[in-house]
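Protein chains: 2
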Amino acid sequence: MDEKLTIQDIARLAGVSKSSVSRVLNNYPAISQELRERVMRVVREYNFVPNVTARGLAGGKTRLVGVLTPPLTWPAIPEMLRGVAEYIERTSYEMVLYSINFENPTHTDVVDRILSLRMVSGLLAILPCDLTPHLLKHFERGLPMVMINDQEPPEHFPCPWVGVDNRTGGYQATRHLLDLGYRRIAHVMGPKRYYCAQERFEGYCQALREVGLEPDPELLLQGEFDPASGRRCARELFARERTRWPEAIFVANDQMAYGFLEVAEEQGIQIPQDVALVGFDDNLVSSHVRPPLTTVRQPFSQMGAKAIELLLKMVDPDHVLPRARAAEDEGHTEAGARMTPATGPLAAAADGSGHQLRVHETSAPYRLDGAIHIQLDTSLVVRASSVPA
Amino acid sequence: MDEKLTIQDIARLAGVSKSSVSRVLNNYPAISQELRERVMRVVREYNFVPNVTARGLAGGKTRLVGVLTPPLTWPAIPEMLRGVAEYIERTSYEMVLYSINFENPTHTDVVDRILSLRMVSGLLAILPCDLTPHLLKHFERGLPMVMINDQEPPEHFPCPWVGVDNRTGGYQATRHLLDLGYRRIAHVMGPKRYYCAQERFEGYCQALREVGLEPDPELLLQGEFDPASGRRCARELFARERTRWPEAIFVANDQMAYGFLEVAEEQGIQIPQDVALVGFDDNLVSSHVRPPLTTVRQPFSQMGAKAIELLLKMVDPDHVLPRARAAEDEGHTEAGARMTPATGPLAAAADGSGHQLRVHETSAPYRLDGAIHIQLDTSLVVRASSVPA
DNA sequence: TTGTACGCGTTATCAG
DNA sequence: CTGATAACGCGTACAA
Chain A
152 MDEKLTIQDI
162 ARLAGVSKSS
172 VSRVLNNYPA
182 ISQELRERVM
192 RVVREYNFVP
202 NVTARGLAGG
212 KTRLVGVLTP
222 PLTWPAIPEM
232 LRGVAEYIER
242 TSYEMVLYSI
252 NFENPTHTDV
262 VDRILSLRMV
272 SGLLAILPCD
282 LTPHLLKHFE
292 RGLPMVMIND
302 QEPPEHFPCP
312 WVGVDNRTGG
322 YQATRHLLDL
332 GYRRIAHVMG
342 PKRYYCAQER
352 FEGYCQALRE
362 VGLEPDPELL
372 LQGEFDPASG
382 RRCARELFAR
392 ERTRWPEAIF
402 VANDQMAYGF
412 LEVAEEQGIQ
422 IPQDVALVGF
432 DDNLVSSHVR
442 PPLTTVRQPF
452 SQMGAKAIEL
462 LLKMVDPDHV
472 LPRARAAEDE
482 GHTEAGARMT
492 PATGPLAAAA
502 DGSGHQLRVH
512 ETSAPYRLDG
522 AIHIQLDTSL
532 VVRASSVPA
Chain B
152 MDEKLTIQDI
162 ARLAGVSKSS
172 VSRVLNNYPA
182 ISQELRERVM
192 RVVREYNFVP
202 NVTARGLAGG
212 KTRLVGVLTP
222 PLTWPAIPEM
232 LRGVAEYIER
242 TSYEMVLYSI
252 NFENPTHTDV
262 VDRILSLRMV
272 SGLLAILPCD
282 LTPHLLKHFE
292 RGLPMVMIND
302 QEPPEHFPCP
312 WVGVDNRTGG
322 YQATRHLLDL
332 GYRRIAHVMG
342 PKRYYCAQER
352 FEGYCQALRE
362 VGLEPDPELL
372 LQGEFDPASG
382 RRCARELFAR
392 ERTRWPEAIF
402 VANDQMAYGF
412 LEVAEEQGIQ
422 IPQDVALVGF
432 DDNLVSSHVR
442 PPLTTVRQPF
452 SQMGAKAIEL
462 LLKMVDPDHV
472 LPRARAAEDE
482 GHTEAGARMT
492 PATGPLAAAA
502 DGSGHQLRVH
512 ETSAPYRLDG
522 AIHIQLDTSL
532 VVRASSVPA
């Protein structure tokens, strides 16, 4: 097919100057229709694609964006990246993946090295954990950046940001349990240093107060967002005399909920008959555990897509490709269909218990202290861990 | 810190020519020790990193390698990429991720676009499915490429290749069940068009014959490597009269095994008491399903690492960084237990439940018809789905 | 062993 | 609106 044509060759073939070819290729506004067509004909015929490297050198824009992630084996990461990849595929940009290992103490060096290469024209930082302060320095020094980071309070956070409404999420989970008639509802919090953990807790409190209940300190446990701490909390709770058990538990993330399921099975505790359980996240496996987990769904894939869209808008306001909008409607319904398979929500909808699957919607982006923030909605996914089949 | 120093600036600061700086930076052999030190001092002081883009343009090597993957939500992909990322992090290369959606009918175009950009100096194609023929064209046209692809028979496969010994894997699974005393052992095959499915089946047959048994056609089912087909096969099997049930089942991958677990739970069939179950892959979730799944482990992360190592050796034989080897021995014992056979066998530890975990070893790379092939070993992971706790 | 000069393929800046 | 021409930052023959 193509060997190694340059813009020069195309220019010669089309009988124009290479600057003209360049202009056509970059959608320069003031070009005669005739020239544009003449060039495009040759471009298409030879399947010409300009050399990215040269483009980067000359124009300063690399058409590469970096994506910094925790190990891909973390629960939500692959889904977020799917959203990123699907969006990026429809642009002329490419994604350079930096999957960093937080175990490595030198990870700030890694970040510096990445950025000093000046290869990426922007950075999407996904759950950067303790790297946040370091990254913010680069941001303040001018690197276009977007974060997906639920550890920091959005207020006064200087960097563009995509996240979900954790408060409402916590409310949804708790409200669901209240609607089922439960009153003694425990909450297993995430680490207090994580803002999302605080928000989910606040949502929990708000739902309780709405029905005239006050959060009971005895029913509040402290977890670490991992299965081990879930197991620990479960053992602690189930070691109490039966009368002091809660009727239901809202666990601040699915990982800890898995720990609860394990302990429950060990000890022969029936879920939801003995205790109802609701998690948060809707990880891919949550519909496959036993019993399938009722949980608050975060639209991870959509978060990734929104975040990369925002980033590209920052580095290149008109990066949008022709077929972008059409694909957005279609592709998302397909992605959305994944939300309502026969296994999970369908059963809930079918059992006539009146629980609905509220499909998330995109809130409009808003500015807080000058930085754009996009907050997406969570949605409750009802499965068998809260309502018996 | 650094603003935008060029090699020219460094040269001036060090009082040498820019070619000298370039040579030092590229480990050119014939350089005086003094010059090298003089340059490196300045380089370090200013934290200089050469511009990748310019490097790519001038030298023709981009220091970027492409990694083509199915959606990251596929079971083994994140683990493979973890291996890739951990290796790449220790080199001066970066990974450009192309996560493609096989649903998209135009994916060959996507591939062509990627490659015509001439941005990546090599491509690692992970489980490219029906894209293989198309990719091979690019390979034969000179693009350095490595595949992780278990659908094709290694013989006569022209492209460097990393995979596992599926035959021995199938043997291990079956042998394990035989050792437990089972004789009526069913096998749920993967699609016949996948070479790995055939190999696993052959391993199954070999183990049976070793103890004087002949594979029973009645106990051979055909699946499609997805949970749905697993459920289908399970229903088919368990619908037979009880005397015609197998005592144990070797399912050709974990995904299908999940389907078996679901159906078993639906129908109140006890695993392993009523039927023992062994899968293949050891996906991340397989230790968390109920009961935890006995399975043949593929060293996905190591496969990724080996594959990218091979690819980098092809595009740049001495890409190894100074700290690479040290890191491999030391800091990497944790992650590196997967990489170095040295730490392998010793780690034959119990996973808490007293079941042995045989750690796989790396076979030496060998050539087949001129193309390098690396075949890694699988290992049996015994959990509760085959031996009651 | 080191320095000089040119080229890599594009974009941007000028004239025209 | 279009065409020369100068950067962009680095690698590398070639010369010294």
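Chains as they are written, first to last, in this note's numbering: chain A, 152 to 540; chain B, 152 to 540. All C-beta atoms, glycine included, are put in the ideal place defined by N, C-alpha and C. If you're wondering where the values come from, they're calculated on a predicted model, not measured in any experiment.
Counting every other CB atom within 10 Å of its CB across the protein chains shown gives A:A276 a total of 16 or more, marking it as buried.
Residue ranges of uninterrupted alpha helix (DSSP H) with 4 or more members, entirely inside the stretch 262–321 of chain A and ordered along the chain, are 283–291.
In the structure shown, A:V200 falls within a coil segment according to DSSP collapsed to helix, strand and coil. Look at B:H439: its C-beta is under 8 Å from a C-beta on chain A. Under the three-state reduction of DSSP, A:V402 is assigned to strand. By the C-beta density criterion, B:N198 is exposed, having fewer than 16 other C-beta atoms within 10 angstroms. Beta-bridge partners assigned by DSSP to A:S173: none are found. Of the candidates B:A456, B:P443 and B:L331, B:P443 places its Cα closest to the Cα of B:F431. Note that the stretch 369–388 of chain A touches the stretch 408–427 of chain A; at least 3 beta-carbon pairs, one per stretch, sit closer than 8 Å. Of all residues in the stretch 265–288 of chain A, only S267, L268, R269 and M270 place a beta-carbon less than 7 Å from a beta-carbon of chain B. In the assembly as shown, B:H307 is an exposed residue. Its beta-carbon has fewer than 16 other beta-carbons within 10 Å. In this structure, A:I523 sits near A:P311, with a CB-CB distance shorter than 8 Å. Shortest Cα-Cα distance from A:R233 to any of B:W225, B:H289 and B:A236 involves B:W225. Think of a sphere of 8 Å around the beta carbon of B:T257: no beta carbon from chain A falls inside it, the nearest being about 10 Å out.
Rounded to the nearest whole angstrom, the CA to CA distance from B:N434 to B:R163 is 55 Å. The continuous stretches of beta strand (DSSP E) do not include A:D433, and DSSP gives it neither H nor E. The beta carbon of A:V466 sits closer than 8 Å to the beta carbons of K212, V216, S272, G273 and P295 from its chain, once the five residues preceding and following it are set aside; these are given in chain order.
Under the three-state reduction of DSSP output, B:S243 falls in the coil class, being neither helix nor strand. When Cβ pairs closer than 8 Å are counted between the two stretches, the stretch 250–269 of chain B is seen not to touch the stretch 420–429 of chain B, the count staying below three.
Closest by C-alpha distance to A:S530, out of A:S250, A:P279 and A:T325, is A:T325. In this structure A:L371 does not touch A:R335 by the C-beta definition: roughly 12 Å separates them, more than the 8 Å allowed.
Every beta strand (DSSP E) of 3 residues or more that sits fully in the stretch 384–428 of chain A is shown, in chain order, as 399–402. Here A:M407 really is in contact with A:P378; their C-beta atoms are around 7 Å apart, less than 8 Å. Per the coordinates, the alpha-carbon of A:H327 lies some 22 Å from the alpha-carbon of A:F451. About 5 Å separates the beta carbons of B:V297 and B:L461, which is inside the 8 Å limit, making them a contact pair. In this chain, A:G374 is not harboured by any beta strand (DSSP E), its DSSP state being neither H nor E.
A distance below 6 Å between beta-carbons, with the five flanking residues on each side excluded, links A:G207 to the following residues of its chain, in chain order: T213. Separation of A:G419 and A:R393 (C-alpha to C-alpha, rounded to the nearest whole angstrom) is 14 Å. In this structure, B:T283 sits near B:N300, with a CB-CB distance shorter than 8 Å. Under the Cβ distance rule, A:G419 does not count among the residues neighbouring chain B, no pair being separated by less than 8 Å. For a cut-off of 8 Å, the C-beta gap from A:I158 to A:P201 is around 6 Å, short enough to register as a contact.
A straight line joining the alpha-carbon of B:Y355 with that of B:R318 spans about 8 Å. In chain A, no part has a C-beta under 8 Å from the C-beta of B:M191; the shortest such distance is about 16 Å.
Using a CB distance cut-off of 8 Å, A:T204 counts as an interface residue toward chain B.
At a beta-carbon threshold of 9 Å, the residues of chain A lying near B:V247 are L215, E245, M246, V247 and L248, ordered along the chain. Ranked by how close their Cα comes to the Cα of B:H439, the residues B:A337, B:S536 and B:F253 have B:S536 in first place.
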